[in-house]
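Written out below as structure tokens is the structure these notes cover.
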RNA sequence: AGACUGUUAGUGUAAUUCGAAACACGCCUGAUUUUCAUUCAGGUAAUACGGGUUCAAAUCCCGUACAGUCUACCA
């Protein structure tokens, strides 16, 4: 399928209108993988031709996301490059000449219709049960340089009347292109609208800017979401009319990411509704103050997010599921990208994250988790934190689980598991537990192993039964029935803390029974 | 309404030129564990529907249904 030898240059071209959606991250990922796989160049281009939708902070959000995921562009606004600028608003001056070129070639025309007139046209069509199209069939009835007299047009132009430039689509053409994901796709030109190329403010629309930039930046492959498939014939026509068809990039349209339940594509609302992130990083809308949760803040490792995303619409054809970025680059191919939309599955995302946490070394985990300790106002030595991480690492599915599951390593128990206390604590058994505490107090040195043998010996010697004693032992120290070896926990806590916790716990248990 | 794209267990995906529907997540059972998690051993469940072509169809063809995307001076 590699048709020519020109070097691979791909771009990720988001609009800075808000936080990058997780689907956008996947598009960036596939572009990145494809570029790296073929020794090509990955470019970040900001498509900000719509000034009304500009959002403060969106551009840096995009950059930060790419950095967090480990897919840095080689050319961008920040980095520069031989084909800059990389922001469309800074390229404004370039686009008009191409619109003019099309105008001269008779492939485009001026249109003077006001937005009211266009609305009217649409409503009329709607009333007739169809959707309006400004194109081959209707352009004769509209106010444009095709329908108006030459004098009228000149007069309007001279008077400075606002105008747009629209593409003049020829009737009866067949547009065929090879999509790397979907194969041969065919459209009839009569179905294509005379899209606006240059807006009345002089800014190009997406369509013009995109084609001009891709051409000028020598983009070899356009890898983007499926929502662009219907406008691709328009783009092909643009390449054709501009005389660039022989260097036109190859297209690949990626399947959409769908809602976990119901139908439609994944949206911010799904995240709110089901309590999972749909954005890579936290985002706060600067104007509304609205916030959105990110995978990063939710305690996901970037490696896990990348791995998970890679599998949403692609698979290597083997049974391997855990892929580092290097592995992905090695195995990725657009030919193995799926055609059907992929449903977002948060359970699977969590599974990936858990795998990556388990794989992490205690030292790495400690680094990731330290901010949580600090945020709760505690300090710990690296070695102690690492030991705790070793104890907890198989029990965390996200980093945020660390504090939730292990806070008792740093502070007093907040709450005792009521069921266990109710079932296992008997007032008349108090002496047994007091003796247990004495036993523990005599353990020296206070290692997990020593505590375990002594405590178990005590239980066995007095035929008390593990099930009657150990739950109270655990709950007294940690408050919960979940967690790592309680003897290791005790050792780490230190004798002094352990004895103190027994004391307060037993008092609380007694009180709960009497009260 | 039209154009385009799609449809394999609940979910993500496999299945060389038609040739036993497989893997993972989830869920359930059991083992291990003082508990939870991990690990291990099992189990669960699918080719949207209807026609054709063929010795043989998830795979090719036709139709139907359903779904999605697009049809902005948004991208």
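In my numbering, the protein residues as written are 1076 to 1590. Where is the CB? At the ideal position from N, CA and C, for every residue including glycine. Predicted model only: the values in this text are computed from it and were never measured.
- Burial is judged here by how many other beta carbons sit within 10 angstroms of a residue's own beta carbon; residue 1190 has fewer than 16 and is exposed.
- Taken through DSSP and simplified to helix, strand or coil, residue 1254 comes out as strand.
- Annotation for residue 1477: 1444, 1447, 1467 and 1471 place their beta carbon closer than 7 Å to its own, counting only its chain and skipping 5 residues before and after.
- In this structure, residue 1295 and residue 1084 form a Cβ contact; the two beta carbons are roughly 5 Å apart against a cut-off of 8 Å.
- In the three-state scheme derived from DSSP, where H, G and I count as helix and E and B as strand, residue 1155 is classed as strand.
- In the three-state reduction of the DSSP assignment, residue 1564 falls in the helix class, which pools H, G and I.
- Positions of the alpha helix (DSSP H) runs, each at least 4 residues long and wholly inside the segment 1488-1565, are given as 1493-1499, 1505-1516, 1523-1536 and 1541-1553 in order along the chain.
- In the DSSP annotation of this structure, the continuous segment of the alpha helix (DSSP H) that includes residue 1310 starts and ends at 1307-1317.
- Nearest to residue 1117 by C-alpha distance, out of 1124, 1125 and 1106, is 1106.
- Restricting attention to beta strand (DSSP E) runs no shorter than 3 residues, the segment 1085-1155 encloses them at 1116-1119, ordered along the chain.
- With a 10 Å radius around the Cβ and a threshold of 16 neighbouring Cβ atoms, residue 1205 comes out exposed.
- Residue 1103 sits close to residue 1141, with the two beta carbons spaced by under 9 Å.
- The segment 1296-1309 and the segment 1125-1134 do not touch, with fewer than three beta-carbon pairs separated by less than 8 Å.
- Here the segment 1448-1467 does not lie against the segment 1511-1530, with fewer than 3 beta-carbon pairs under 8 Å apart.
- The alpha-carbon of residue 1551 is positioned some 13 Å away from that of residue 1497.
- Taking all protein chains in view, the Cβ of residue 1435 is crowded by 16 or more other Cβ atoms within 10 Å, so the residue is classified as buried.
- Sequence-distant partners of residue 1433 (beyond 5 residues in either direction) whose C-beta falls short of 8 Å from its own C-beta, in its chain, are 1468 and 1469.
- Where residue 1298 is concerned, the enclosing beta strand (DSSP E) starts and stops at 1296-1300.
- Counting only runs that start and end inside the segment 1401-1450, the alpha helix (DSSP H) elements of at least 4 residues fall at 1421-1434 and 1437-1450.
- Proximity of the segment 1394-1405 to the segment 1315-1322 falls short of the contact definition, fewer than three beta-carbon pairs being nearer than 8 Å.
- In the DSSP assignment, residue 1282 falls within the alpha helix (DSSP H) that extends over 1281-1291.
- In the assembly as shown, residue 1124 is a buried residue. Its beta-carbon has 16 or more other beta-carbons within 10 Å.
- Annotated three-state conformation of residue 1161 is coil, per DSSP.
- Taking 9 Å as the cut-off, the Cβ atoms of residue 1578 and residue 1518 do not count as close.
- Here DSSP, grouped into helix, strand and coil, assigns residue 1185 to strand.
- In the DSSP assignment, residue 1366 forms a beta bridge with 1359.
- With a cutoff of 9 Å on beta-carbon distance, residue 1268 and residue 1209 are scored as near each other.
- Within the same chain, 1112 come within 8 Å of residue 1405 by CB-CB distance, once the 5 residues on both sides are set aside.
- Buried is the label assigned to residue 1090, since at least 16 other Cβ atoms lie within 10 Å of its Cβ.
- In this structure, the CA atom of residue 1333 is about 12 Å from the CA atom of residue 1421.
- The residue among 1351, 1369 and 1440 with its C-alpha nearest the C-alpha of residue 1358 is 1369.
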